[in-house]
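Chemist: Can you keep this structure in mind? I'll have questions shortly.
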Amino acid sequence: MDNLLRVSCGALSPSDAGKTVELDGWVHRRRDHGGLIFIDVRDRSGITQVTFDPSKGETFALAETLRSEDVVSVRGTVRRRPAGTENVKLATGEVEVPADALEILNRSETPPFVIAAEEEPAEEVRLRYRYLDLRRPRMQRNLTVRHQIVKAIRDYFDEHDFLEIETPNLIKSTPEGARDYLVPSRVHRGSFYALPQSPQILKQILMIGGLGRYMQIARCFRDEDPRADRQPEFTQVDVEMTFVRQDDVMQMMENSIRSVWRRVLAEEIPDPLPRLSYAEAMRDYGSDKPDLRFDLRLVDVADVFRGGAFSLFASLAESDANRIVAIRYPNGAALSRRDFDGLTEFVKSIGANGLAYLTFGDGMKGSIARFVDDQMAQRLREGAGVEGNDAVLFIAGEHAIATDVAGRLRLEIAERLGLRDPKRFAFCWVSGFPLFEKDSETGEITFSHHPFTAPLPGQEALFDTDPLAITAQHYDLVLNGYELGSGSIRNHQPEFQRKVFKRLGLTDQQIDDRFGFFMEALTYGAPPHGGMALGIDRIVMLACGESSIRDVIAFPKNQMARDVMMDAPSGVPDQALRDLGLTIVQPPAAT
RNA sequence: GGCGUUGUAGCUCAGUUGGUUAGAGCGCCGCCCUGUCACGGCGGAGGUCGUGGGUUCGAGCCCCAUCAACGUCGCCA
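Letter by letter, the first sequence follows residues 645 to 1235 in our numbering.
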């Protein structure tokens, strides 16, 4: 008893032989040979094999009753496994613990799926029994990586003189943008708190409060439909700094990510990270969050078709409002007619009118080959960088649509060619976004990202003449085609901030109702400031090679924003509604 | 709200042109087994084929509706 050690299941090695230990964990697998029973005992650290011998009468009898996921405490003296019975596949495979005593701490029902199995249960089942899903090595690893990343982020910012400051979750609704989650007030019947979509205004006020460098691992809430990379509540590393320029913030954030990759993944990322302008990103990749793990750039070829025999493209080429884009499909000459039909269907489903293509294998073929003479063919080959047996796909149409479709087609090609390797990481910055954009429905001017973003210095004059031409001091960090987050230099002068709000169509009255406290704060010596927020869930997802952020969140919501384990949201007792002064109005029956 | 994919045993899936009693692997239960590690052997239980309607002599399969999960568009200051 003197040398009894409580040990982790993944920690034992031959050097522990001779130690008497207590091993606590779950029954991972059981191999009952009748006269000898092997139990793999599992905890977060790993697995250790425990053996039960019939000579230990009562203990052996008890071991015969063990089943998957029973919780056990085993006592025994670690020993090397007999020669020839080591398991090289197991970290602890050179040793085992012959049990002297067994205590069954708890029994388990037969689990709905096998924790030890290779095959993955449907997500529906995993989320329903999340506590069992969390026992699987993959989830344990993902949550471990998540912890390490968050810790690396905190360490980095701590080392750079940032203060982590908590901001409240019960705050004032600031209309515009995503839908707020609202929390009814009992004390103030009929009034509501909003949960923060981000701590944006609060962190700016911290800067006005003179805190200098702020960071927070902040929970954010947006009442919008979830996606594989979006949850109604999510976590971001939120950062704000005073007396900084755009490059200062970008450098700080870039280095924080560099530090995370170094500390957690032991990987060096490029220094500096590539930087693209918004215009370049749209032109070359058809996206403001380009996946740079592969090249396959979009190439403008309107010039080649202008005045040519292919009348559809020739006429589109006459106007700058249109775009004709070529994308190389490496070795695409080997594709079948059916493959091209599939690609055509794909681009049609996302808004294109059709897909033209040429193949350059053994002579030139393809849907528009008869309209393309030798000289055009040569220009297309050179423009698109064709080599060997490539195909070239063409998307043509209204500029924004053609760009968007071509950008997605680029991703589709890469997907088919296996170029989107989850083990590779291609970061880039995208900046130079327009400050405003036109709302596609109302035609009115709205902000591209948020109304606190400052324009580039010297562009204030465009405010009244050509607001859509103003460039924002805004920057996005992109990884593998995902937006990790965005930041900007903020407006710190109250007059200018008011001007922006008015440009967006708000009256003085509306500005004061919604942002009065903030506008007032700006008048008391607000320093120049800027910052950024990065989505932790997406960072962890990509670092783990996962394709859904649900796999790196312990208790995620499903696509209907439900927690299927606890069955939330759910109704509340009538008394609770009465306390809050709320009445539920049933929606009219559909007709 | 639109589009797409999926829905068959506890889990993962197969199920041909519409045709007898719907199958497999894993898991589960029982018996046997002293060196396995995805232990092995023998036997067994387990199904409203998501739900409702229709076509048909006959539907897991065809048609209509509907529900759910996932993906995506809308949406995401």
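Ideal placement from N, C-alpha and C gives every residue a C-beta, glycine not left out.
Predicted model, so just to flag it, every value in this text is computed and none were measured.
Straight-line CA distance for P1292 to A862?
Modeler: Any answer about residue 1292 is impossible in this case: the structure gives the chain only from 645 up to 1235.
Chemist: Using DSSP's beta-bridge definition, name the partner residues of G1129.
Modeler: The partner list for G1129 (beta bridge, DSSP) reads L1121 and L1178.
Chemist: Could you tell me which residues DSSP puts in a beta bridge with V715?
Modeler: DSSP output for V715 lists W670 and N750 as bridge partner(s).
Chemist: Which two residues bound the contiguous beta strand (DSSP E) that contains F836?
Modeler: Taken as a continuous stretch (DSSP letters only), the beta strand (DSSP E) holding F836 covers F836 to A838.
Chemist: Using the C-alpha atoms, what's the distance from K1201 back to A1058?
Modeler: Each residue's Cα considered, the two are about 30 Å apart.
Chemist: Assuming A766 and L942 make a contact with CB atoms under 8 Å, what is their CB distance in whole Å?
Modeler: About 38 Å separates the two Cβ atoms, so there is no contact after all.
Chemist: Give me the Cβ distance between V665 and L680, rounded to the nearest whole Å; I'm assuming they're in contact under 8 Å.
Modeler: Contact flag wrong, Cβ pair sits at about 20 Å.
Chemist: Please check the pair T879 and I1180, which I expect to be a contact at CB under 8 Å, by giving their CB distance rounded to whole angstroms.
Modeler: That pair is a contact at about 4 Å.
Chemist: Leaving out five residues before and five after W905 in sequence, what residues of the same chain have Cβ atoms less than 6 Å from its Cβ?
Modeler: So the list reads E911 and I913, once near-sequence residues are dropped.
Chemist: Could you tell me the distance, in whole angstroms, from the CA atom of Q1141 to the CA atom of A1165?
Modeler: If I take the Cα positions, the gap works out to 12 Å.
Chemist: Work out the CA separation of Y825 and N813 for me, nearest whole Å.
Modeler: Rounded to whole angstroms, N813 to Y825 spans 11 Å at the Cα level.
Chemist: In angstroms, rounded to a whole number, what distance separates the CA positions of D1156 and K847?
Modeler: Computed Cα separation, rounded: 19 Å.
Chemist: For G1102 versus I1133, is the C-beta distance shorter than 7 Å?
Modeler: Cβ atoms of G1102 and I1133: not closer than 7 Å.
Chemist: For E768, name the three-state secondary structure that DSSP assigns.
Modeler: Correct three-state label for E768: helix.
Chemist: Which residue marks the beginning of the alpha helix (DSSP H) containing Y973, and which one marks its end?
Modeler: Y973 -> not in any alpha helix (DSSP H); beta strand (DSSP E) instead, spanning N966 to Y973.
Chemist: Taking its Cβ as the centre, do 16 or more other Cβ atoms sit within 10 Å of D1195, making it buried, or is it exposed?
Modeler: Result: buried.
Chemist: Are the beta-carbon atoms of R688 and Q792 separated by less than 7 Å?
Modeler: No, the Cβ-Cβ distance between R688 and Q792 is not below 7 Å.
Chemist: With distances taken Cα to Cα, identify the nearest neighbour of A970 among P934, R723, R927 and K992.
Modeler: Of P934, R723, R927 and K992, the residue nearest in Cα terms is R927.
Chemist: By the 10 Å Cβ neighbour count, where 16 or more other Cβ atoms means buried, how is I1228 classified, buried or exposed?
Modeler: By the neighbour-count rule (16 or more Cβ atoms within 10 Å), I1228 is not buried but exposed.
Chemist: Looking at C-alpha atoms only, which residue of A705, V732, K733 and Y773 is the closest neighbour of A745?
Modeler: The candidate whose alpha carbon is nearest that of A745 is A705.
Chemist: Quick check: the segment 785-804 against the segment 767-775, are there 3 or more CB pairs under 8 Å?
Modeler: Segments in contact, no.
Chemist: Give me the DSSP bridge partner(s) of I1039.
Modeler: According to DSSP, which records beta bridges pairwise, I1039 is partnered with V969.
Chemist: Just to check, is the beta-carbon of R673 closer than 6 Å to a non-hydrogen atom of the ligand MN?
Modeler: The model on display carries no ligand, and the ligand MN is accordingly not part of it.
Chemist: Count Cβ pairs between the segment 1121-1136 and the segment 1065-1074 that sit closer than 8 Å; are there 3 or more?
Modeler: As far as the Cβ criterion goes, the segment 1121-1136 touches the segment 1065-1074, which means the pair count is three or higher.
Chemist: What does a CB cutoff of less than 8 Å around D660 pick up in its chain, not counting 5 residues either side in sequence?
Modeler: If we look at D660 and ignore the five residues flanking it on each side, its Cβ neighbours are V651, V722 and V739.
Chemist: Can you confirm whether the segment 1012-1022 touches the segment 948-960 when touching is taken to mean that 3 or more C-beta pairs between the two stretches lie within less than 8 Å?
Modeler: Because the criterion of three Cβ pairs below 8 Å is met, the segment 948-960 and the segment 1012-1022 touch.
Chemist: Starting from Q880, follow the beta strand (DSSP E) in both directions and report where the run begins and ends.
Modeler: E877 to T886 is the span of the beta strand (DSSP E), which, as asked, contains Q880.
Chemist: Using only the alpha-carbon positions, how far apart do R950 and N997 sit?
Modeler: Whole-angstrom Cα-Cα distance: 19 Å.
Chemist: On the three-pair Cβ rule with 8 Å, is the segment 835-851 touching the segment 864-872?
Modeler: Verdict: yes, contact present.
Chemist: Short check: CB of R673 to CB of A760, under 7 Å?
Modeler: Yes. Within cutoff.
Chemist: Kindly indicate the opening and closing residues of the beta strand (DSSP E) around T1003.
Modeler: Here the beta strand (DSSP E) through T1003 covers A1000 to T1003.
Chemist: How do the segment 1216-1227 and the segment 892-906 stand: do at least 3 beta-carbon pairs fall below 8 Å, yes or no?
Modeler: No: the two stretches stay apart, fewer than three of their Cβ pairs being nearer than 8 Å.
Chemist: So, D935 versus A925, is the Cβ gap smaller than 7 Å?
Modeler: No. Outside cutoff.
Chemist: Can you find the residues in the same chain that come closer than 7 Å, C-beta to C-beta, to C653, ignoring five residues on each side of it along the sequence?
Modeler: Correct list, in chain order: L667, G669, V685, R686, D687, S689, G690, I691 and T692.
Chemist: Cα separation between R937 and L1061?
Modeler: Cα to Cα, the separation comes out at about 12 Å.
Chemist: With distance defined between alpha-carbon atoms, name the residue in A1220, V881, G854 and L850 nearest to Q860.
Modeler: The residue with the shortest Cα to Cα distance from Q860 is V881.
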